Each structure stands twice: as structure tokens, then as C-alpha cells.
Amino acid sequence: MKKALSLLLVGAMTLSLAACGSNSDDSAATDSTTAEESTTTEASDSEGSGEAVFRIGGIGPTTGSAAVYGTAVERGAQIAVDEINAAGGINGYQIEFNFQDDENDAERSVNAYNTLKDWGMQILMGTVTSTPCVAVVENTHEDNMFQITPSGTAVECIQYPNAYRMCFSDPNQGTESAKYIGENGLASTVAVIYDSSDVYSTGIYEAFAEEAANQGIEIVNVAAFTADNNTDFSVQVQQARDAGAELLFMPFYYTEASLVLAECNSQGYEPIFFGCDGMDGILAVENFDTALAEDLMYLAPFVATSEDEQVQSFVTAYQEAYDEVPNQFAADAYDSIYVIKAALEGAGATPDMSVSDLCDAMTAAMADVTYSGVTGKDITWGEDGEPNKAPLVLQIKDGVAVEL
Amino acid sequence: MIGFISYLVNGISLGSVYAIIALGYTMVYGIAKMLNFAHGDVIMVGAFVVFSTVSGMGLPPVIGILISVAVCTVLGVVIERVAYKPLRHASKLAVLITAIGVSYFLQNMALLIYGANTKSFTSVVTVPPITLADGALVISGETIVTVIACIIIMIGLMAFMKYSKSGRAMLAVSEDSGAAQLMGVNVNSTIALTFAIGSALAAIAGVLLCSSYPSLTPYTGSMPGIKAFVAAVFGGIGSIPGAFIGGILLGVIEILGRAYISSQLSDAIVFAVLIIVLLVKPTGILGKQIQEKV
Amino acid sequence: MKMRNLSKTTRSNLITYGMVIAAYIIVEIFLRADMVSSLMEGLLVPLCVYVILAVSLNLTVGISGELSLGHAGFMCVGAFAGATFSKCVEEVITSSLLRFPLAILVGTAAAALFGILVGIPVLRLKGDYLAIVTLAFGEIIKNVVNVIYLGRDSRGFHISIKDTVSLGLEDDGEVIIKGAQGITGTPNDSTFLIGIILILITLFIVINLINSRTGRAIMAIRDNRIAAESIGVNVTRYKLLAFAVSAALAGTAGVLYAHNLSTLTALPKNFGYNMSITILVFVVLGGIGNIRGSVIAAVVLTLLPELLRSLNDYRMLIYAVILIATMIFTSSQGGQEIQERIKLFFKRRKTKEA
Numbered sequence: 021m022k023k024a025l026s027l028l029l030v031g032a033m034t035l036s037l038a039a040c041g042s043n044s045d046d047s048a049a050t051d052s053t054t055a056e057e058s059t060t061t062e063a064s065d066s067e068g069s070g071e072a073v074f075r076i077g078g079i080g081p082t083t084g085s086a087a088v089y090g091t092a093v094e095r096g097a098q099i100a101v102d103e104i105n106a107a108g109g110i111n112g113y114q115i116e117f118n119f120q121d122d123e124n125d126a127e128r129s130v131n132a133y134n135t136l137k138d139w140g141m142q143i144l145m146g147t148v149t150s151t152p153c154v155a156v157v158e159n160t161h162e163d164n165m166f167q168i169t170p171s172g173t174a175v176e177c178i179q180y181p182n183a184y185r186m187c188f189s190d191p192n193q194g195t196e197s198a199k200y201i202g203e204n205g206l207a208s209t210v211a212v213i214y215d216s217s218d219v220y221s222t223g224i225y226e227a228f229a230e231e232a233a234n235q236g237i238e239i240v241n242v243a244a245f246t247a248d249n250n251t252d253f254s255v256q257v258q259q260a261r262d263a264g265a266e267l268l269f270m271p272f273y274y275t276e277a278s279l280v281l282a283e284c285n286s287q288g289y290e291p292i293f294f295g296c297d298g299m300d301g302i303l304a305v306e307n308f309d310t311a312l313a314e315d316l317m318y319l320a321p322f323v324a325t326s327e328d329e330q331v332q333s334f335v336t337a338y339q340e341a342y343d344e345v346p347n348q349f350a351a352d353a354y355d356s357i358y359v360i361k362a363a364l365e366g367a368g369a370t371p372d373m374s375v376s377d378l379c380d381a382m383t384a385a386m387a388d389v390t391y392s393g394v395t396g397k398d399i400t401w402g403e404d405g406e407p408n409k410a411p412l413v414l415q416i417k418d419g420v421a422v423e424l
Numbered sequence: 083m084i085g086f087i088s089y090l091v092n093g094i095s096l097g098s099v100y101a102i103i104a105l106g107y108t109m110v111y112g113i114a115k116m117l118n119f120a121h122g123d124v125i126m127v128g129a130f131v132v133f134s135t136v137s138g139m140g141l142p143p144v145i146g147i148l149i150s151v152a153v154c155t156v157l158g159v160v161i162e163r164v165a166y167k168p169l170r171h172a173s174k175l176a177v178l179i180t181a182i183g184v185s186y187f188l189q190n191m192a193l194l195i196y197g198a199n200t201k202s203f204t205s206v207v208t209v210p211p212i213t214l215a216d217g218a219l220v221i222s223g224e225t226i227v228t229v230i231a232c233i234i235i236m237i238g239l240m241a242f243m244k245y246s247k248s249g250r251a252m253l254a255v256s257e258d259s260g261a262a263q264l265m266g267v268n269v270n271s272t273i274a275l276t277f278a279i280g281s282a283l284a285a286i287a288g289v290l291l292c293s294s295y296p297s298l299t300p301y302t303g304s305m306p307g308i309k310a311f312v313a314a315v316f317g318g319i320g321s322i323p324g325a326f327i328g329g330i331l332l333g334v335i336e337i338l339g340r341a342y343i344s345s346q347l348s349d350a351i352v353f354a355v356l357i358i359v360l361l362v363k364p365t366g367i368l369g370k371q372i373q374e375k376v
Numbered sequence: 002m003k004m005r006n007l008s009k010t011t012r013s014n015l016i017t018y019g020m021v022i023a024a025y026i027i028v029e030i031f032l033r034a035d036m037v038s039s040l041m042e043g044l045l046v047p048l049c050v051y052v053i054l055a056v057s058l059n060l061t062v063g064i065s066g067e068l069s070l071g072h073a074g075f076m077c078v079g080a081f082a083g084a085t086f087s088k089c090v091e092e093v094i095t096s097s098l099l100r101f102p103l104a105i106l107v108g109t110a111a112a113a114l115f116g117i118l119v120g121i122p123v124l125r126l127k128g129d130y131l132a133i134v135t136l137a138f139g140e141i142i143k144n145v146v147n148v149i150y151l152g153r154d155s156r157g158f159h160i161s162i163k164d165t166v167s168l169g170l171e172d173d174g175e176v177i178i179k180g181a182q183g184i185t186g187t188p189n190d191s192t193f194l195i196g197i198i199l200i201l202i203t204l205f206i207v208i209n210l211i212n213s214r215t216g217r218a219i220m221a222i223r224d225n226r227i228a229a230e231s232i233g234v235n236v237t238r239y240k241l242l243a244f245a246v247s248a249a250l251a252g253t254a255g256v257l258y259a260h261n262l263s264t265l266t267a268l269p270k271n272f273g274y275n276m277s278i279t280i281l282v283f284v285v286l287g288g289i290g291n292i293r294g295s296v297i298a299a300v301v302l303t304l305l306p307e308l309l310r311s312l313n314d315y316r317m318l319i320y321a322v323i324l325i326a327t328m329i330f331t332s333s334q335g336g337q338e339i340q341e342r343i344k345l346f347f348k349r350r351k352t353k354e355a
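What follows is the structure in C-alpha cells.
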């Protein structure tokens, strides 16, 4: 019986090896197999596959507990790709976009990166989450491939010259939050709840704590939670309440925030709530009682309700395609694709250039790119790859996020 | 002092959720002698059914819960039939791996149907909260309902085991399934019944879990499932009152550990206490002594 | 009869070694000819990691007969110990050829130490209780690693379980382990060749252990503890030995893992019970106690999700179905009958092993 099993396994292995082998033998053949189901664009653009196209890859979690972010990025980017292709492409060339799942795992992310390389990726729009991004940036650096992460916030995500960022970095948000609270005199005593198992949350908290001291804000209580323990917040909320904090700083995602708000409500605790860009999307949580989030303030690069023309056209297109309101991840991804377009146009690049040449040309062009999109206006990039854009402070009033 | 009592109440609140999940776990383990890793995911399915029927279709909560119980019961029986029954005489490990496979299957199925976005679950509990000591101590309606439901289910299960014919058949199968078969007990249908009851309990647990902690994703069930499993082992796996006590204790330890020691190490504390208990008393708190072993 | 048996095991073991070496040579030829896809190239080191993990867990589960659900915890210890070491000596020892073997030794030793520490209390328990306690230990390790902050400056090492600020580092200080953010910037020292060498060493240790006096004692305890005890086998010692060796090898795999990616974090995903279960799946599907089976299953099951990539959201679902189907096919009575029939069909020798 064991023998039969091992025969079966050996057979499977040989098969899989053969499959892998053929992958490399003929990259055109791989195309058709990977492209078939992986993304929807290919179907519409495949007739152009004989001609030169720009191949942009995307990486992010579309399964697993972080799937919501990856899915949003995939969709946001898709909208941009479709728009650009419909308008004639970049420098006259169409774009092909291929998005791969990494389950928010560094190892899988590198696998996804290699899969995309086999597909012929020239530019990477990713990865969505920080930890995988830190791993993948090593590879793009080695291959000298242009990379822009829509939402990888950790400092190390873009530690190399080939990598750029669309969103704010962690320290940036923490500092901005503390400044805003201090300068507007929102509160003198603050309690913090943060996710100690999450790079994003910890990074913001640390920068916040540093800046809070400068702003004369007293942090009266700090309580952490972890990814394994993100449903029960009774202790953290009670500690904040007992410490008498006037403001509760919540540098984490809206999923947990909705639970914290519910817990505060049931304990009858009503501080000022202040969050970061991870809070964006809380109003879109299906079935969420928006009254709980009333008066919540948060930093965000993007408001779906903004009257800005670009934002409106993006939101409309997104809603038509996916029947939901885009969050900031989708918006960052949408902008990322346009930034890639701007850099390619600035460099006058063509798809026949090598990955490395493209990267050099694009990084040179990035210095002059000034981009206005849905997540900010007149954004420029420094040598370090960080965007220069001002965060918006939003507040939820009557169930709608408004700019302050 | 009031702070401590408040933490204690929170602990009991969390513990009662663990307890109600652990009851289902212990039931299945006691009779089928298998670790049903997919139990946590059946809970998630139960919660999603209520979400779809109550929040989506606007049915009254009672109807939604009944539909959910029905769906989970059928699901439990189907899972048993398709995945576990063929392995009745296989090694324990084979069954464990299959259970893990079922768990992945349910999670990914839910992911395909409902997507990854978090859903906010509307509490089905309408009992008002009790406010004591000028608002310093609040006992939520969910806590009250969960604790009461837990006690009712526990007593009901114990009575069912002791007095009903099928219950005694379950006891017989759990003692010695071979001998039970010889005595005319239909082992297959008894085990199927166990899964049916266990899964029905999972549906109720899912509703109460999500009423207390109103966020729902395809992965909602997995961590509470593991914790409840720990609770069941803690109390002596297979023992019905043990599951209840284990669940409550686990919740209280977790909350007190988080409040007074470290909020990041609360899981480590829970697991450390479990290890100590098992080393002192290798069959859990109520292992063995209790005769109503299911 | 005895001689024939002996030579049969030797032959079987030689085939196992040969298989690994042949795989290495084939892959190396393909690499030279530049015919390996980037995906496969990137997967080579992880494959080695999982093979080592599967083989080492098989020692506990298959040979020693203890169901352990905390294997990833030891991997975690090895990974963090090895990566910390590498980070510390990166400037002193610049040659990765010297540094990496030392890192492996450090990681392996640390994991072995934890194996002994965990093993002493845990091995008193049996069956499912042992499983849950190993799971608990694995979770504790992961949980504790997540709150450790380790920094170094001119005054030496500083450790904290709060945050980087409380390390009180001098200006020249450097944070090595940054709590949940783990270790970043570990040198990428892992190569396929080192991975293969480590697999061979692992196989050598495990296979020799099995076929030694010690191994027979361990299996005697597995098959009948009381009988083994009554003929004077020191049960605790042998069980602990197997457990510690298994943990140490998991630590080795951890070091390899840590030096393959530049970022190392203890997430539920890579060092939690889910990982332990994944490794257990390799062992069970490869055949409990079957070392070669573990190697093959680890390779196939690591490749499978990657090969199913084009199916996107359906791939984990398919993985689950394959898992269930394989278990039913290999372990159920009905499945075994079908296998028998297939065997007859191919006119294979009608040996009734199962």
C-alpha cells in the first residue's frame, strides 16, 4: 500500500516537474496557461499579444485573512489598466496586468514574484502588505525591476532605489496623527490600542509615541492585541476607560476597529476616536451600525465621497464593475498604475527595453513626475521613494466621512 | 476592586462562548474519538447562515437561527458521511488530516461565496444589559444569554445522555463501540446522531459568538475553535460539565492574564496554564471521575 | 531471512539518498542550461526546508509514535536563533561560507535545547493530550518571540518585552529583533546546494538512528511501552532523545528558512499551528514512518499550490479536496480495496503490506 502511494506521489512529482520545466522552455506557452484564468484583462487584450505590450505584475493576498486588501488592490489596478488601455495605452502600447496571490506570506510572495517573472513581468505594482513587501523588494532590487507598492507601509518596503511607495509610511502617519492631535488641542490624555503582531500598527504606534512627547500629549495607557486575539477588546477598552483617556488612538484596520467601537459602546465609554488610514472602509463594512463610528476621526489619503472629478469617475467605474465602494487600497492601486504610466511616459520607454533598462529610465523619470490622482494632488517623489503628499483628516458625520 | 469584578465578568462572557463551542467539541470527541478540527468552521457556517437570512433576507432572528441549526445539522451529518465514515477504522492521524482538509474546504468555500470582506453581524440578542455600580460594571445582554444558553444546553445534554435511549447508546459507543454493536446498538447511526447534535450546537455557538463579537469572516471560527478545543481538554475532554468549566476558566484566565500581566502574552498564558494543569492532572480537570462521559 | 531484510532496508535507504542526489543533479543541469523557471528556482530552498521538516517530524510521529503539533515552534526557535546570530556577526565574519554553518549550528543547538526543555514535561503525556500540549508549546514560542525586542549597542545587548524605546539603546545601537516586526535584513545565505547537503545530513541522522540500537529501542517503546520498559529500556531517555533530535532538525530547517528571505516574522502563518499541521500533512500523506515518502510528499505538496496558481481562488479549495480524497483513498477500507484491484490489474506482486 505504501508502495502504491509512493508510486502515486512520484508520478505526481514527475508530472509537476515536467510542468515546471515546460514553463521555462517556452514563455509564450506559459502566458496562455497562466493568463487564461488569472486575470480578466488578458481575455480582452489577448488578441494584441502578438504586439509589444507593457507587462505589469501585481502581488497581494487574495485568499487568507488579509484577502480584502489584496482584492481591493487587484480591482483598483484593473480599473486603471482598463482605462489606460481604452485610451490607447502608454506611449502607444497596451498594458497587460497579472495579479498573483501571496496569502500575506513572505515566502509565497516571493513565489508569486517568480511566477510573474516567468510570465514576463517588467514592472511590479506591489506588494500589498508590508512583510511580504520587505521580502520581495530584495528580489526586485537584485533584478533591478521598477517597483511601486500601493500600500506597503513599513519603512523597509522601499529601502532600495528601485522601489517607490504610493501610500504614507508608518512613521509618517504616526507623526502626523500626533501633530494633528497636539496642534488642534484635541486631547491632553491619550490611550493607545495597537496590534503588536502587525508591522503597520506597531510602526505607527512607535512614531506616534515619539511625537506625542514633543506635542505635550500624555499617553496614559497603551494596550496591545495580536492577530490571534482580535475579537475580544473588553480589557483594552476598560483599561483605556479606567485611565481616563480623552482620546483613543487606534492605529489599526477597520475590521478590528468596528469591534473596538462596539465594545466602547457597550461599556458606555465615549472618548474621541482617532485612527489612521486603515480605518478607511469602516463605513463600507456590510451591515455595520454606522452610528457607532459617529465622530470618528482618521487620516486618509482618499475619500470616496469627495466631489473631486477624478475621484468620482474612479468611484463610479469601480462601483459599476464590482458593485462596492472602493477603499483606499483600491485607490492607491489605481493611482499606482497611473504613476507607472507617468514614469513610463516621462522616460519615453518602450516594451522592448529590458527590465533593468526600464527601471533605470523610470527611476530617472520619477524625479520629475508630479502626479495628481485620487489619493492626493501634486504628489512628487523623493530619492527615497516616499511620496510627498498631505494626509487628509476625515471625520464621520451622520454616517458619511467628511473632510475636516 | 470594581475593575477586577468587571474583568471577571468579561472573562465569564468570553468563557461562556468558549464553553458553548467546547460542548460540541467534547461531544464529538467523546463518542467518535476524533478531533474534529472542522468544528470551528461549522460555527462560521452557522453564523453566515444567520447573517444571510436575518440581515440579508430580513427574516426574524428566531427563524434565522432555526434555519442555521438545520443547515449545520445537515452539514455535520454530510461531513461525517463523506469524510469521516470511510475512515472509521483508519489511524487517528488519517482522520485528523481529513478533518483539517474539511476545515480548509469550508473556509475556502465561504471565501468563494461571501468574499473576504468582514461582515458586521447584528446581534440577535434583545435582552437589555444590566448596569451596576453607576455604570462602572456593565453586563451585556449577550453575556447573560450565552451563559444561560450554555447552562441549559449542558443540563439538557447530560439529561439526554442519562435518560434517553439514543443517549445511552452514545455512552455505550463511547465506552466500547465493538461491544455496543454486539449488543444491538447501531454504531453508524449513533455517531451520525452525535455529529448532528454537535453541529446543531455549533450553529447556536456561532450565533452567540458573533452576537458577542460582531465581526464575521470565513476565518471567524478557526481561532475560537482551537481555544474551545483547549477548553475541552482543560476540563477533561469527553466530559460535558468539564467542557463548561474548562470554557469559563479559560475565558477568565485569558482576560485576567491580559488585564494584569500582558495583553500580548495572553495566549501564551492560557496555553501555559493548560500545560500545567495537564501535567498535574493529565486527563484534565474533570477527566475520568465523571461517569457521564460522553 | 534476517540478512535479506537487512539488505533490503539498506537498499531502500540507498535509493532515498540516491533520489535526493539525482534530484540535485537534474535540477543543477537544468539550472546551468537556464531552463528552470524563476518560480522553480525560487522554490528550491523552500523545498529543502519542507523536506527537512517533514523528515524530522516523521521521526517523532512515525518512529517514536508521538503526535506532535508544535513542530513549527522548534523551527521558529531555530530560525530566530540562527538569524540573530547572523545579524550579530555579519560584520565580524564576512564570509558566508563560514558564517552560515555557524548559524546553522547555533539554530540547531537552540532548537535542540528547547526540544529537551519541552520534551521533559510533554512526553509524560499520551495521545491527544500530548498533541494539544505540543500545540500549546508551539503557540507559546510564537507568542513570546513576537514580543521580544533585542538591541545591541556599545554597552552590549539589551532585551525588552515592551518596545524598542525601552531598550534604551545608545545612538550607535541597532535593533536586531524588533518584536512583531521580527528580524529584517538577514543575509541571504541559503542556497540550494546547502539545502541539499542539509537534507542528506538529516536523512543520514534519521536513517541511522532508526537502524541503530537506539532506534529499535524507540520503536519498541512505540509498539509496546510496557513490554519495552519491562526488558529494561529506559523509556524517558529514548523518547526524549528522539524528540530532541527531531526538534534540532526542525531548527536546522528554520535557519535555512530564515536565511532565504530577508524578513523573518513569527506570524501564525509561518510558525503557528497551521504550519505544524502542514508539515504533519506531509508526513501522513508520505506514509507514517516512511522517510522517503515524507521527502516526496513534502516536495509534491509544496509544489501543488504553486502549480494550481492559475486557478486563483479555487486553488485552496482544490488543495482541500485533494487532501480529503487522498486520505480516504489511502486509509479507508474502500480505498484500499480499490488500490488492491489496481495492483492486481498491473500484475504487481501481491504482497499484503497494509
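Protein chains in written order, with the numbering used here: chain C, 21 to 424; chain R, 83 to 376; chain D, 2 to 355.
Backbone N, C-alpha and C define an ideal beta-carbon position, used for all residues, glycine too.
The structure displayed is predicted, hence computed values, not measured ones.
- Item | Same chain, Cβ closer than 6 Å to glycine 77 of chain C, neighbours up to 5 away in sequence not counted | Within the first sequence, residue 77 of chain C is the residue found at index 57, counting from 1. Contacts found: Asn118, Leu136, Met141 and Leu144.
- Item | Residues that DSSP places opposite asparagine 270 of chain C in a beta bridge | Taking the first sequence and counting its residues from 1, one reaches residue 270 of chain C at position 250. Looking at the sequence provided, one finds methionine at residue 270 of chain C rather than asparagine. Bridge partners of methionine 270 of chain C: C:Gly295.
- Query: Beta-carbon of arginine 170 of chain R versus every beta-carbon of chain C: anything under 9 Å?
  - Reply: Residue mapping note: residue 170 of chain R aligns to position 88 of the second sequence, counting from 1. Taking Cβ atoms only, chain C never reaches closer than 9 Å to arginine 170 of chain R, which makes this a no.
- Quick one, are the C-beta atoms of alanine 321 of chain D and threonine 266 of chain D less than 9 Å apart? For the purposes of this step, residue 321 of chain D is taken as residue 320 along the third sequence, with counting starting at 1. For the purposes of this step, residue 266 of chain D is taken as residue 265 along the third sequence, with counting starting at 1. Taking 9 Å as the Cβ cut-off, alanine 321 of chain D and threonine 266 of chain D do not qualify as a contacting pair.
- Task: Report all residues from its chain with a CB closer than 6 Å to the CB of leucine 239 of chain R; omit the five preceding and five following residues, and keep chain order.
- Result: Position 157 of the second sequence, counted from the first residue, corresponds to residue 239 of chain R. Taken in chain order, the residues that qualify are Ile322.
- Query: Closer than 9 Å, CB to CB, is glutamine 346 of chain R near chain D or not?
  - Reply: What you label residue 346 of chain R is simply residue 264 of the second sequence in a count that begins at 1. Yes - at least one Cβ of chain D is within 9 Å of the one on glutamine 346 of chain R.
- Item | Extent of the continuous beta strand (DSSP E) run through lysine 20 of chain C | The structure shown does not extend to residue 20 of chain C, since chain C spans only 21 to 424, so no value can be given for it.
- Task: Using beta-carbon positions only, say whether lysine 280 of chain R and glycine 106 of chain R come within less than 9 Å of one another.
- Result: Walking along the second sequence from the start, residue 280 of chain R turns up at place 198. Walking along the second sequence from the start, residue 106 of chain R turns up at place 24. Here residue 280 of chain R is glycine; the residue named in the question, lysine, does not match the sequence. Cβ distance < 9 Å, so glycine 280 of chain R and glycine 106 of chain R count as in contact.
- Query: Which residues mark the beginning and the end of the beta strand (DSSP E) in which glycine 335 of chain D is found?
  - Reply: Translated into the one-based positions of the third sequence, residue 335 of chain D becomes position 334. Element bounds for glycine 335 of chain D: not the beta strand (DSSP E) but the alpha helix (DSSP H), 334 to 346.
- Message: Tell me whether the region 153 to 166 of chain R and the region 263 to 279 of chain C touch, counting them as touching only if at least three CB pairs, one residue from each stretch, are closer than 8 Å.
- Response: no
- Query: Who are the near neighbours of asparagine 14 of chain D in its chain, counting only those whose CB is closer than 7 Å to its CB and skipping five residues on each side?
  - Reply: Within the third sequence, the letter at position 13 stands for residue 14 of chain D. The residues are Ile208.
- Contacting residues, own chain, Cβ-Cβ under 7 Å from arginine 340 of chain R (five flanking each side not counted): Within the second sequence, residue 340 of chain R is the residue found at index 258, counting from 1. Only Ser348 meet the Cβ criterion.
- Message: Please tell me whether leucine 137 of chain C has its Cβ less than 9 Å away from any Cβ of chain D.
- Response: One-based indexing of the first sequence puts residue 137 of chain C at position 117. The sequence as given places lysine at residue 137 of chain C; leucine does not occur at that position. Answer yes: the Cβ-Cβ gap between lysine 137 of chain C and chain D drops below 9 Å somewhere.
- Taking Cβ positions only, does leucine 40 of chain D come closer than 9 Å to chain C? Locating residue 40 of chain D in the third sequence gives position 39, counting from the first residue. Judged by the 9 Å Cβ criterion, leucine 40 of chain D is in contact with chain C.
- Query: Along chain D, in chain order, which residues have C-beta atoms closer than 7 Å to that of alanine 176 of chain R?
  - Reply: Sequence index remark: in the second sequence, residue 176 of chain R carries index 94 (1-based). Going along chain D in sequence order, the residues near alanine 176 of chain R (Cβ under 7 Å) are Val285, Met328 and Ser332.
- Item | Burial state of asparagine 190 of chain R, where buried means 16 or more other Cβ atoms lie within 10 Å | Here residue 190 of chain R corresponds to residue number 108 of the second sequence, with the count starting at 1. Classification of asparagine 190 of chain R: buried, given that the 10 Å Cβ count is 16 or more.
- Task: Please say whether asparagine 307 of chain C and serine 66 of chain R have beta carbons closer to each other than 9 Å?
- Result: Examination of residue 66 of chain R is not possible in this model, given that chain R is present from 83 through 376 alone.
- CB contact flag (threonine 83 of chain C, glutamate 127 of chain C, <9 Å): Along the first sequence, read from residue 1 onward, the residue named residue 83 of chain C stands at position 63. Along the first sequence, read from residue 1 onward, the residue named residue 127 of chain C stands at position 107. For threonine 83 of chain C and glutamate 127 of chain C, no; Cβs fall outside 9 Å.
- So is isoleucine 200 of chain D in contact with chain C if we call contact Cβ pairs under 9 Å? In the third sequence, residue 200 of chain D corresponds to position 199, counting from 1. Chain C contact via Cβ: absent.
- Message: Going residue by residue through the region 167 to 227 of chain C, where are the continuous alpha helix (DSSP H) segments of at least 4 residues, counting only ones entirely within it?
- Response: 190 to 203
- Item | Same chain only: Cβ atoms within 8 Å of alanine 311 of chain C, ignoring 5 sequence neighbours per side | By one-based count along the first sequence, residue 311 of chain C stands at place 291. Contacts found: Gly419.
- Reduced DSSP category for valine 37 of chain D - H, G, I as helix; E, B as strand; rest coil: Here the question's residue 37 of chain D lines up with position 36 in the third sequence. Correct three-state label for valine 37 of chain D: coil.
- Message: For a cutoff of 9 Å on Cβ pairs, would you count leucine 290 of chain R as touching chain C?
- Response: For this step, residue 290 of chain R is matched to residue 208 along the second sequence. With 9 Å as the cut-off, leucine 290 of chain R does not count as an interface residue toward chain C.
- Where does leucine 99 of chain D land, buried or exposed, given buried means 16+ other C-beta within 10 angstroms? Sequence index remark: in the third sequence, residue 99 of chain D carries index 98 (1-based). With fewer than 16 Cβ atoms within 10 Å of its Cβ, leucine 99 of chain D is classed as exposed.
- Task: Going by CA-CA distance only, name the one from C:Val359, C:Val323, C:Glu329 and C:Glu365 that's closest to valine 345 of chain C.
- Result: For the purposes of this step, residue 345 of chain C is taken as the residue at position 325 of the first sequence. Looking at the Cα atoms, C:Val323 is the closest of the given residues.
- For cysteine 154 of chain R, collect the residues of the same chain with a Cβ closer than 7 Å to its Cβ; drop the 5 residues on either side in sequence, then sort them by chain order. Position 72 of the second sequence holds residue 154 of chain R. Val124, Val127, Gly128, Ser281, Ala282, Ala284 and Ala285.
- Item | Through-space distance from methionine 236 of chain R to phenylalanine 119 of chain R, alpha-carbon basis | Within the second sequence, the letter at position 37 stands for residue 119 of chain R. Within the second sequence, the letter at position 154 stands for residue 236 of chain R. Rounded to whole angstroms, phenylalanine 119 of chain R to methionine 236 of chain R spans 21 Å at the Cα level.
- Put leucine 151 of chain D into one of helix, strand or coil per three-state DSSP. Translated into positions along the third sequence, residue 151 of chain D becomes position 150. Of the three classes helix, strand and coil, the one that applies to leucine 151 of chain D here is strand, per DSSP.
- Is there contact between the region 141 to 150 of chain D and the region 230 to 250 of chain D, where contact requires at least three CB pairs shorter than 8 Å? no
- Message: Do valine 334 of chain R and isoleucine 103 of chain R count as a contact pair if the criterion is CB distance below 9 Å?
- Response: To locate residue 103 of chain R, count along the second sequence from 1; it is residue 21. To locate residue 334 of chain R, count along the second sequence from 1; it is residue 252. Not closer than 9 Å, so no.
- Item | First through last residue of the beta strand (DSSP E) which encompasses phenylalanine 245 of chain C | As a position in the first sequence, residue 245 of chain C is number 225, starting the count at 1. Looking at the DSSP string, the run of the beta strand (DSSP E) that includes phenylalanine 245 of chain C is 238 to 245.
- Query: Looking only at its own chain, which residues have a Cβ that is under 8 Å from the Cβ of glutamate 307 of chain D, when we skip the five neighbours before and after it?
  - Reply: The residue labelled residue 307 of chain D in the question sits at position 306 within the third sequence. Closer than 8 Å at the Cβ level, and outside the excluded window around glutamate 307 of chain D, lie Leu40 and Leu44.
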